[in-house]
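Read in this note's numbering, the sequence shown has 21 at position 11, and its numbers run on one by one without any break.
Positions of the beta carbon are idealized from the N, C-alpha and C atoms, including for glycine.
Note that the structure is predicted; figures quoted are calculated from it, not measured.
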Amino acid sequence: MANDGLFGVHGAALAVRSQRMGVLASNIANASTPGYKARDIDFGAAMRTIEAGGTSQAAIGQATLYRVPLQPSQDGNTVELAAEQTAFAENAVAYQTTLSFLNGRIGTITRALRGE
């Protein structure tokens, strides 16, 4: 996928960002669940694995790690709501940026095929 000449690494980046959004949303949803361990996907590590020839799913699996909280709670929950919300917002902006790039690329190809 990373060597796809048409979309480059952007298709893989969209897949990783989508999975990361799901992980972060799960963290936020479980902010008050006792014993819940927050996770995150290291986007850079996942993309390096993909660029080295790995699949998106394998890269995501290897890059998914547990978060180390700055202030652990007494019930064992490691979700820090403010940090999770910030990471979610940053990831959402990056996801939208990647999606906009791909939409632009598809629009260019469509215009070229129509002869415009």
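Residue environment analysis places S66 among the buried positions, since at least 16 neighbouring C-beta atoms fall within 10 angstroms of its C-beta.
In the pairwise beta carbon analysis, the stretch 90 to 109 is classified as touching the stretch 35 to 51: at least three pairs are separated by under 8 Å. Bounds of the beta strand (DSSP E) holding L75 are T74 to Y76. Excluding the 5 residues flanking it on each side, Q81 has same chain C-beta neighbours closer than 8 Å at E90, in chain order.
Cβ-Cβ distances below 6 Å link A55 to A73 in the same chain, with the five nearest sequence neighbours on each side left out; the list follows chain order. Ranked by how close their Cα comes to the Cα of V19, the residues L112, A48, Y46 and Y76 have L112 in first place. It is roughly 29 Å from the alpha-carbon of G63 to the alpha-carbon of A99. Residue pairing by DSSP places R49 opposite Y76 in a beta bridge. Taking G114 as the centre and dropping the five residues before and after it, the same chain places no C-beta closer than 6 Å to its C-beta. E126 sits in coil when the DSSP states are folded into three classes, being neither helix nor strand.
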